[in-house]
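If you read the sequences in order, they're chains A and B.
Counting from 1, position 99 in the first sequence corresponds to residue 99 in the numbering used here; the numbering is continuous, with no gaps.
Counting from 1, position 118 in the second sequence corresponds to residue 1118 in the numbering used here; the numbering is continuous, with no gaps.
Backbone N, C-alpha and C define an ideal beta-carbon position, used for all residues, glycine too.
Since the structure is predicted, the reported quantities are computational estimates derived from the model, not experimental observations.
There are 2 protein chains.
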Amino acid sequence: ALRAVGLSKIYGSGEVEVRALSDVALDLYAGEMVVLLGASGSGKSTLLNILGGLDTPTTGSVLFEGQDLTASDDAGLTRFRRDYVGFVFQFYNLIASLTARENVALVTEIAPDPMDPEEALAVVGLEERMDHFPAQLSGGEQQRVAIARAIAKRPKILLCDEPTGALDSKTGIIVLEALESVNRELQTTTAIITHNSVTAAMADRVIYLADGRISRIDRNASR
Amino acid sequence: ALRAVGLSKIYGSGEVEVRALSDVALDLYAGEMVVLLGASGSGKSTLLNILGGLDTPTTGSVLFEGQDLTASDDAGLTRFRRDYVGFVFQFYNLIASLTARENVALVTEIAPDPMDPEEALAVVGLEERMDHFPAQLSGGEQQRVAIARAIAKRPKILLCDEPTGALDSKTGIIVLEALESVNRELQTTTAIITHNSVTAAMADRVIYLADGRISRIDRNASR
Ligand SMILES: Nc1ncnc2c1ncn2[C@@H]1O[C@H](COP(=O)(O)OP(=O)(O)OP(=O)(O)O)[C@@H](O)[C@H]1O
Ligand SMILES: Nc1ncnc2c1ncn2[C@@H]1O[C@H](COP(=O)(O)OP(=O)(O)OP(=O)(O)O)[C@@H](O)[C@H]1O
Ligand SMILES: [Mg+2]
Ligand SMILES: [Mg+2]
Chain A
1 ALRAVGLSKI YGSGEVEVRA LSDVALDLYA GEMVVLLGAS GSGKSTLLNI LGGLDTPTTG
61 SVLFEGQDLT ASDDAGLTRF RRDYVGFVFQ FYNLIASLTA RENVALVTEI APDPMDPEEA
121 LAVVGLEERM DHFPAQLSGG EQQRVAIARA IAKRPKILLC DEPTGALDSK TGIIVLEALE
181 SVNRELQTTT AIITHNSVTA AMADRVIYLA DGRISRIDRN ASR
Chain B
1001 ALRAVGLSKI YGSGEVEVRA LSDVALDLYA GEMVVLLGAS GSGKSTLLNI LGGLDTPTTG
1061 SVLFEGQDLT ASDDAGLTRF RRDYVGFVFQ FYNLIASLTA RENVALVTEI APDPMDPEEA
1121 LAVVGLEERM DHFPAQLSGG EQQRVAIARA IAKRPKILLC DEPTGALDSK TGIIVLEALE
1181 SVNRELQTTT AIITHNSVTA AMADRVIYLA DGRISRIDRN ASR
């Protein structure tokens, strides 16, 4: 579904150059569940943002069903993200002036076949807090609103940047089960960045990043 | 060192009342390392913010070395936080317009016996990134700047809200070792909110919160 070829991402130049990604090639197959692991600063968020059309690589290309995203302009990338991608950000990126329900509805209103905002928020255990604003919610509750917002869209591609970082293990498992059922029932191509090894067990493949490169890929024999 | 008596925290009123804390009593002994565990939304951040003088309870008091913080005005709370407390926030709360080094220096400049900003950033593995701004740093790198900022102060009390949430396990262990050595060498009274069971093993006591109440306290026999 999504193919990355020869990706690099370089910030700055000269003495203060930071190579966030170097020569990354990756295929995400339709309906697959992939987990990205790697140390803090190894390039995970940078890779996920480029795959999701939120950032452009310095070199290389990203192909979505054969169409070259890197050759698209901003309007083309916006259409790609809006029509095909659900994204759970590492910092949640909720809109502070909208309630939990409104944050989800903002995304579902423009989707062709979404879940109800109420349904998506109930899946992540927030049915009692729908009309609260982000500032009135705990860290983990805000994270769950961000997850509800991404899955409510029923996207073709679901990219999650550390979706359980702020959650206790029990709540984290509820969220991972929600992501797994979206992947299974809708064949949503899913990539999850995590530090949580329980999540890695769910994946069809685990891709390890180190210093901006793919250092290892494990295939999960039991899936 | 820090004593909480009969704490409650209620948000809103009537139908939309949320009881974040109910009847919490807790002693933090001088030099102790305590871990706070509990589900998302159970009241951990609310309790830590009240203990650190960042928020006021609806009922109850917090005593620091016998002095009642809840009877202090804003200026009194600001002096308490500035003179005695290092705080690692769940959302890092770094100043975007300052580099990593400047974010740490802002706190150390007014402390009586601080570490050098460079030294504190080296302890958390960020010596190469001191002159970068938060927007140029990954999630886990920003979190580590927030930790360096708190420990550089060499505070009497160190309160950490999920200090390893955005870190891989290897980097997380480096940070936990830094917190443990501050606690051991400076006898800093330390409370850490975490979802990470490795951290719980470091504690003198583990305090479990559920629905705004303390549900259990374990004492670590091996410490
Ligand atoms: N301003 C507010 N208005 C209403 N409810 C609030 C407000 N701030 C916090 N709460 C609620 O109080 C409860 C406790 O919040 P708190 O942030 O302490 O939880 P937490 O244990 O830190 O959770 P997490 O692990 O998700 O960070 C939550 O249900 C939260 O939604
Ligand atoms: N705007 C920028 N300017 C300079 N360097 C940057 C910028 N954005 C990211 N970086 C660097 O690129 C590297 C990769 O960042 P990235 O956010 O992808 O890491 P990550 O694997 O997601 O880390 P974490 O697990 O801490 O979130 C990091 O060293 C980071 O500091
Ligand atoms: Mg990241
Ligand atoms: Mg919290």
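Check your understanding: Using a threshold of 6 Å, is the CB atom of residue 17 of chain A nearer than that to any non-hydrogen atom of ligand 1?
Key -> It does not: the Cβ of residue 17 of chain A is nowhere closer than 6 Å to a heavy atom of ligand 1.
Against chain A, with Cβ distances strictly below 7 Å, would residue 1120 of chain B count as a contact?
Residue 1120 of chain B does not count as touching chain A.
With a cut-off of 8 Å, do at least 3 Cβ pairs link the region 1179 to 1195 of chain B to the region 1146 to 1161 of chain B?
Here the region 1179 to 1195 of chain B lies against the region 1146 to 1161 of chain B, with 3 or more beta-carbon pairs under 8 Å apart.
*asked:* Can you pull the chain A neighbours of residue 1167 of chain B, defined as C-beta to C-beta under 8 Å?
replied: Proximity of chain A to residue 1167 of chain B at the Cβ level (cut-off 8 Å) is accounted for by 40 and 195, in chain order.
_Alpha carbons only, please: which of B/1148, B/1141 and B/1001 is nearest the one belonging to residue 1065 of chain B?_
Comparing Cα positions, the closest option is B/1001.
Any heavy atom of ligand 4 inside 6 Å of the beta-carbon of residue 1090 of chain B?
Here the distance from the Cβ of residue 1090 of chain B to the nearest heavy atom of ligand 4 is below 6 Å.
Quiz item: Can you list, in chain order, the residues of its chain whose CB lies under 6 Å from that of residue 1172 of chain B, leaving out five sequence neighbours each side?
Solution: Its chain contains 1164 as the residues whose beta carbon lies nearer than 6 Å to that of residue 1172 of chain B, once the 5 sequence neighbours on both sides are disregarded; these appear in chain order.
If you count every other CB in all the chains shown that lies within 10 Å of the CB of residue 29 of chain A, and 16 or more means buried, which is it?
Counting the other Cβ atoms within 10 Å of the Cβ of residue 29 of chain A gives fewer than 16, which makes it exposed.
field: Sub-7 Å separation of residue 1203 of chain B and residue 1183 of chain B beta-carbons
entry: It is not a contact, given that the beta carbons lie outside the stated cut-off.
If we cut at 7 Å on Cβ distances, does residue 1102 of chain B have a partner in chain A? Interface with chain A (7 Å Cβ-Cβ cutoff): residue 1102 of chain B is excluded.
Shorter than 7 Å from the beta carbon of residue 13 of chain A to some beta carbon of chain B? No, because no Cβ of chain B sits closer than 7 Å to the Cβ of residue 13 of chain A.
- request: Name, please, each residue of chain A whose Cβ falls closer than 8 Å to the Cβ of residue 1090 of chain B.
  value: Correct list: 139 and 166.
With 16 as the cutoff for other CB atoms within 10 Å, does residue 67 of chain A come out buried or exposed?
Residue 67 of chain A should be labelled exposed.
Relative to ligand 3, is the shortest distance from any of its heavy atoms to the C-beta of residue 1139 of chain B smaller than 6 Å? In this structure, the C-beta of residue 1139 of chain B approaches ligand 3 to less than 6 Å from one of its heavy atoms.
C-beta neighbour in chain B for residue 78 of chain A, strict 7 Å: It does not; no Cβ of chain B falls within 7 Å.
Discussion item. I need the straight-line Cα distance from residue 54 of chain A to residue 1218 of chain B, nearest angstrom please.
Written reply: Cα atoms of residue 54 of chain A and residue 1218 of chain B: separation of roughly 45 Å, rounded to the nearest angstrom.
* To do: Give the straight-line distance between the Cα atoms of residue 1083 of chain B and residue 1074 of chain B, rounded to the nearest whole angstrom.
  => Cα-Cα distance, rounded: 14 Å.
### Task
Give a yes or no on whether 7 Å exceeds the smallest Cβ distance from residue 171 of chain A to chain B.
Taking 7 Å as the CB threshold, residue 171 of chain A lines the interface with chain B.
Task: Beta bridge counterpart(s) of residue 10 of chain A as assigned by DSSP - done: As computed with DSSP, residue 10 of chain A is found in a beta bridge with A/19.
Could you give the first and the last residue of the continuous alpha helix (DSSP H) run that contains residue 1147 of chain B? Taken as a continuous stretch (DSSP letters only), the alpha helix (DSSP H) holding residue 1147 of chain B covers 1139 to 1152.
What's the gap between the Cα of residue 87 of chain A and the Cα of residue 1185 of chain B? C-alpha separation (whole angstroms): 43 Å.
*Using the beta-carbon count (16 or more within 10 Å), is residue 1045 of chain B buried or exposed?*
By the neighbour-count rule (16 or more Cβ atoms within 10 Å), residue 1045 of chain B is buried.
ask   = The beta strand (DSSP E) spanning residue 205 of chain A covers which residue range?
value = That run of the beta strand (DSSP E) goes 205 to 210.
inquiry  = Closest to residue 1057 of chain B by C-alpha separation, out of B/1009, B/1069 and B/1098, would be which residue?
reply    = Nearest in C-alpha terms to residue 1057 of chain B, of all of B/1009, B/1069 and B/1098, is B/1009.
- Pull out every residue of the region 43 to 60 of chain A whose Cβ sits closer than 9 Å to any Cβ of chain B, in chain order. Of all residues in the region 43 to 60 of chain A, those with a C-beta nearer than 9 Å to a C-beta of chain B are 43, 44, 45 and 46, reading in chain order.
Original post:
For residue 186 of chain A, does the three-state DSSP call read helix, strand or coil?
Top reply: In the three-state reduction of the DSSP assignment, residue 186 of chain A falls in the helix class.
In this structure, how does DSSP classify residue 74 of chain A when only helix, strand and coil are distinguished?
When DSSP states are grouped into helix, strand and coil, residue 74 of chain A belongs to the helix group.
Can you list, in chain order, the residues of its chain with a C-beta nearer than 6 Å to that of residue 1213 of chain B? Leave out the 5 residues immediately preceding and following it. Cβ neighbours of residue 1213 of chain B beyond the five flanking positions: 1022.
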